Structure formats: C-alpha cells, structure tokens
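Student: Provided herewith is a single structure, encoded as structure tokens, for subsequent inquiry.
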Amino acid sequence: MPAMQGIQNTGLPFMKMHGLGNDFVIVDARAHEVGVTPALAQAIGHRQFGVGFDQLAVIENGASDAHLVFYNADGSTSAACGNATRCIARFLMEETGKQTLTLTTERGTLYASDAGDGLTSVNMGLPQLNWHEIPLTEDVDTLELPIEGAPTATGMGNPHCTFFVDNAEAIPLAEFGARYEYHPLYPERTNVQVAQLIGPDHIRMRVWERGVGITLASGSSSCATAVAAARRGLTGRKVQIELDGGTIWIDWRDDGVWMTGPTAHVFSGLLTPEFLRSLG
Numbered sequence: 006m007p008a009m010q011g012i013q014n015t016g017l018p019f020m021k022m023h024g025l026g027n028d029f030v031i032v033d034a035r036a037h038e039v040g041v042t043p044a045l046a047q048a049i050g051h052r053q054f055g056v057g058f059d060q061l062a063v064i065e066n067g068a069s070d071a072h073l074v075f076y077n078a079d080g081s082t083s084a085a086c087g088n089a090t091r092c093i094a095r096f097l098m099e100e101t102g103k104q105t106l107t108l109t110t111e112r113g114t115l116y117a118s119d120a121g122d123g124l125t126s127v128n129m130g131l132p133q134l135n136w137h138e139i140p141l142t143e144d145v146d147t148l149e150l151p152i153e154g155a156p157t158a159t160g161m162g163n164p165h166c167t168f169f170v171d172n173a174e175a176i177p178l179a180e181f182g183a184r185y186e187y188h189p190l191y192p193e194r195t196n197v198q199v200a201q202l203i204g205p206d207h208i209r210m211r212v213w214e215r216g217v218g219i220t221l222a223s224g225s226s227s228c229a230t231a232v233a234a235a236r237r238g239l240t241g242r243k244v245q246i247e248l249d250g251g252t253i254w255i256d257w258r259d260d261g262v263w264m265t266g267p268t269a270h271v272f273s274g275l276l277t278p279e280f281l282r283s284l285g
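Residue numbers (the numbering used here): 6 to 285.
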C-alpha cells in the first residue's frame, strides 16, 4: 500500500515543537514510511486550515542516528533548518538517553550535543563564503554585495543576506524581506536578516525566511549573521543574538558554526484521515 494511502486511512501522528518561537511540525517516519509531498506540507502549514508551522521536518532512518528532511510553509524544501535540528536532537536525546548525536541532512552531517540547563547545541557546519556555493548568480564580493545597504551573503546550506543597520526595529520587515528574498543575485531566493550591534559580541536581529515570511527566530539565519558580523570585524566569532523569540548563542569554531539555545515540545497530535483525504 502506498505510503500516502496508508496515512489517509490511519491518520498521521506529529509533534509540534519550537525553538525560540520558530515553530515546527515534526513527523517521525522511522517506523512507517510517510509520503510527504509539497502539497501535503503546504496544507499542514496553513495556520487556519492546517496546523501551522515555519518548517515541517521529517525524521527518517539513515546511516547516522537519523536523517532529516525539511519543508517550508509554502511547500518548498530547505537543505538546512537549525532550530528544527536542535528540536529533533533534543527529542532524540530524550528518547535514547544519548548526550551526543550524529544527524544527516541535505546540508551534510551535523553533530548535536546536550549543552546542559535544558539547552541543545548543533554544529551547523562550515559556512559557505564563495559566491557559487551560497549560491549567487555572479562572482561578486560576498562581504559587501552590490545591493543598497551593502549586505553580506553567507551560505549555511541555505542562502542568506544580512543587512547591518542602526536600528533593527525601524525596518519595515514585511516589505523589506519580501523585496530582497527574490533579489536577482539569489537564484534560489534568500533568507533576509536585519542586524544591529547592541554591544560587544551582542547583536539584535530580525528575520524574514524565504518561503515563510517573518519568523520569531531562525537558527541558520543566526549562524549566517554571526559569521557575517565576524567577517566584517564587528564582533568576534562567539556572539549572543537577541531574536524576537528569545536569545541564541553562536560560536564560529574551526569545525563549524555551533548554535546553542532552548527548545520546547508543545504537544503531540494526529492529523485525521478526514483531513488527509480532503487533500486528494
């Protein structure tokens, strides 16, 4: 029986989790195959007719502790999602009793660890700094793009465009983010951050996620902003970032960009057969 037909008959269990308000629907497909399609992801992601999320994450079996696949709210896929990875890492550590995990994603192999005090750390890998890796459409200076405001481009398995501003609160993020998500320099669209230095190694940041819109937090955006700030000499390589949803800590080490913060498992539920059949 095809996976989609199976879940239409039995329903689809899921977890709702968040990292600093960056919220996720997480489906565990290790025991039973789940045929997640872009249309299904988009339907679940609708905040009125579905469950609602910034990203949907699917936990699959792999050569490591687990393999993760990510979908945005518009049904598009993403190679990386830092906060979802931290949430799933916390769930798997509680399930297995392990203090460290190895996870695979389209981004590559990621390492997670229990940071104590309820915090979870994930190594998001080395940043991509060359134009063709991010990717951009042409060879330009990634430190200061030829865009008004001279933002910095960074790849963290997904593309980022970081604007350093005097007052992050003053930026009309809905208009600003939507405009630059589709900038011609970014063939795969981009996440957009506005970042303000508020103290030594201390940043205030707001986020527009591609395929989602304004979000309270973003792990990969936090990593990209920390890398951009260090490259521009604004901070060191270890920073504290204040997001709309709370505080995250980023440490750009030789082995990759580590992000540390809290997670929450809000509830578990079941998408009903009726809902799933209504999708066709």
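Glycine is no exception: its CB is placed at the ideal position from the N, C-alpha and C atoms.
All of these numbers come straight from a predicted model, not from anything done at the bench.
Are the CB atoms of residue 203 and residue 231 within a distance shorter than 8 Å?
Tutor: Translated into the one-based positions of the sequence shown, residue 231 becomes position 226. Translated into the one-based positions of the sequence shown, residue 203 becomes position 198. It is not a contact, given that the beta carbons lie outside the stated cut-off.
Student: State the DSSP-derived secondary structure class of residue 32, mapped to helix, strand or coil.
Tutor: Locating residue 32 in the sequence shown gives position 27, where the first residue counts as 1. Here residue 32 sits in strand by DSSP.
Student: Beta carbon of residue 117, beta carbon of residue 106: below 8 Å?
Tutor: Along the sequence shown, read from residue 1 onward, the residue named residue 117 stands at position 112. Along the sequence shown, read from residue 1 onward, the residue named residue 106 stands at position 101. Result yes, Cβ atoms of residue 117 and residue 106 sit closer than 8 Å.
Student: Between residue 200 and residue 179, is the Cβ-Cβ spacing less than 8 Å?
Tutor: Position 195 of the sequence shown, counted from the first residue, corresponds to residue 200. Position 174 of the sequence shown, counted from the first residue, corresponds to residue 179. No, these two residues do not count as a Cβ contact at 8 Å.
Student: Can you give me the start and stop residues for the alpha helix (DSSP H) that residue 60 sits inside?
Tutor: Position 55 of the sequence shown holds residue 60. Note, residue 60: premise wrong, no alpha helix (DSSP H); beta strand (DSSP E) at 60 to 65.
Student: Starting from residue 139, trace the alpha helix (DSSP H) both ways and give me its first and last residue.
Tutor: Position 134 of the sequence shown, counted from the first residue, corresponds to residue 139. It is not in any alpha helix (DSSP H) - residue 139 carries neither H nor E in the DSSP assignment.
Student: Where does residue 226 fall in DSSP's three states?
Tutor: As a first step, residue 226 must be located in the sequence shown, where it is residue number 221. Helix at residue 226.
Student: Considering only the beta carbon of each residue, do residue 159 and residue 134 sit closer than 8 Å?
Tutor: As a position in the sequence shown, residue 159 is number 154, starting the count at 1. As a position in the sequence shown, residue 134 is number 129, starting the count at 1. Taking 8 Å as the Cβ cut-off, residue 159 and residue 134 qualify as a contacting pair.
Student: Taking all protein chains shown into account, do 16 or more other C-beta atoms lie within 10 angstroms of the C-beta of residue 143, making it buried, or fewer, making it exposed?
Tutor: By 1-based counting over the sequence shown, the position of residue 143 is 138. By the 10 Å Cβ count, residue 143 comes out exposed.
Student: For residue 96 and residue 277, what's the separation of their Cα atoms in angstroms?
Tutor: Against the sequence shown, residue 96 aligns to sequence position 91. Against the sequence shown, residue 277 aligns to sequence position 272. Going by the C-alpha atoms only, they are around 23 Å apart.
Student: Determine the burial state of residue 44: buried for a count of at least 16 other Cβ atoms within 10 Å of its Cβ, exposed for fewer.
Tutor: The residue you call residue 44 lines up with position 39 of the sequence shown. Per the 10 Å Cβ criterion, exposed.
Student: To the nearest angstrom, report how far apart residue 181 and residue 270 are at their CA atoms.
Tutor: As a position in the sequence shown, residue 181 is number 176, starting the count at 1. As a position in the sequence shown, residue 270 is number 265, starting the count at 1. The alpha-carbon separation between residue 181 and residue 270 amounts to approximately 32 Å.
Student: Quick check on the DSSP output: the alpha helix (DSSP H) that includes residue 205 runs from which residue to which?
Tutor: Working through the sequence shown from its first residue, we reach residue 205 at position 200. Where residue 205 is concerned, there is no enclosing alpha helix (DSSP H), given that its DSSP letter is neither H nor E.
Student: When you compare only the Cα positions, how much space is there between residue 252 and residue 42?
Tutor: Numbered from its first residue, the sequence shown carries residue 252 at position 247. Numbered from its first residue, the sequence shown carries residue 42 at position 37. Their backbone Cα atoms lie some 33 Å apart in a straight line.
Student: Please name the residue or residues paired with residue 196 in a DSSP beta bridge.
Tutor: In the sequence shown, residue 196 corresponds to position 191, counting from 1. Answer is 165, bridged to residue 196.
Student: How big is the Cα-Cα spacing for residue 191 and residue 198?
Tutor: Start at 1 with the first residue of the sequence shown, and residue 191 comes out as number 186. Start at 1 with the first residue of the sequence shown, and residue 198 comes out as number 193. Their Cα atoms are separated by approximately 14 Å.
Student: From the DSSP output, which residues share a beta bridge with residue 23?
Tutor: The residue given as residue 23 occupies position 18 in the sequence shown. Residue 23 pairs with 28, 269.
Student: Run through DSSP, which three-state label would residue 185 get?
Tutor: Translated into positions along the sequence shown, residue 185 becomes position 180. Here residue 185 carries a helix assignment [DSSP, helix/strand/coil].
Student: Along the chain, where does the beta strand (DSSP E) containing residue 246 start, and where does it finish?
Tutor: Residue 246 sits at position 241 when you count from the first residue of the sequence shown. Note, residue 246: beta strand (DSSP E), 243 to 248.
Student: Is it buried or exposed for residue 196, if we count other Cβ within 10 angstroms and need 16 for buried?
Tutor: Within the sequence shown, residue 196 is the residue found at index 191, counting from 1. Per the 10 Å Cβ criterion, buried.
Student: Nearest by alpha-carbon distance to residue 111: which of 99, 126, 75, 33 is it?
Tutor: Sequence index remark: in the sequence shown, residue 111 carries index 106 (1-based). Closest option to residue 111, Cα to Cα, is 75.
Student: Report the rounded CA-to-CA distance for residue 161 versus residue 281, giving the unit in angstroms.
Tutor: Taking the sequence shown and counting its residues from 1, one reaches residue 161 at position 156. Taking the sequence shown and counting its residues from 1, one reaches residue 281 at position 276. Looking at the two C-alpha atoms, the distance is approximately 33 Å.
Student: Thinking C-beta only, is residue 27 closer than 8 Å to residue 220?
Tutor: Reading the sequence shown from its first residue, position 215 is the one you call residue 220. Reading the sequence shown from its first residue, position 22 is the one you call residue 27. It is a contact, given that the beta carbons lie within the stated cut-off.
Student: On the DSSP letters alone, give me the boundaries of the alpha helix (DSSP H) that residue 3 sits inside.
Tutor: This structure does not reach residue 3, given that the chain is present from 6 up to 285, and the question cannot be answered.
Student: How about residue 267 and residue 25: do their beta carbons lie closer than 8 Å?
Tutor: Translated into positions along the sequence shown, residue 267 becomes position 262. Translated into positions along the sequence shown, residue 25 becomes position 20. Going by C-beta atoms, residue 267 is nearer than 8 Å to residue 25.
Student: Report the partner residues of residue 116 according to the DSSP bridge assignment.
Tutor: Here residue 116 refers to the residue found at position 111 of the sequence shown. In DSSP, residue 116 forms a bridge with 107, 128.
Student: Quickly, what does DSSP pair residue 220 with across the bridge? List them, please.
Tutor: Along the sequence shown, one-based indexing puts residue 220 at 215. 212, per the DSSP bridge assignment.
Student: What would DSSP say about residue 53, mapped onto helix, strand or coil?
Tutor: The residue given as residue 53 occupies position 48 in the sequence shown. Here residue 53 carries a coil assignment [DSSP, helix/strand/coil].
Student: When the Cα of residue 156 is compared with those of 169, 229, 138, 205, which residue comes out closest?
Tutor: Position 151 of the sequence shown, counting from 1, holds the residue named residue 156. If we check each option's Cα against that of residue 156, 169 comes out closest.
Student: Note down, in chain order, each residue of its chain lying with its Cβ closer than 7 Å to the Cβ of residue 189, except the 5 sequence neighbours on either side.
Tutor: In the sequence shown, the residue the question calls residue 189 occupies position 184. Around residue 189, the same chain offers 142 as residues with beta carbons nearer than 7 Å, after the five sequence neighbours per side are excluded.
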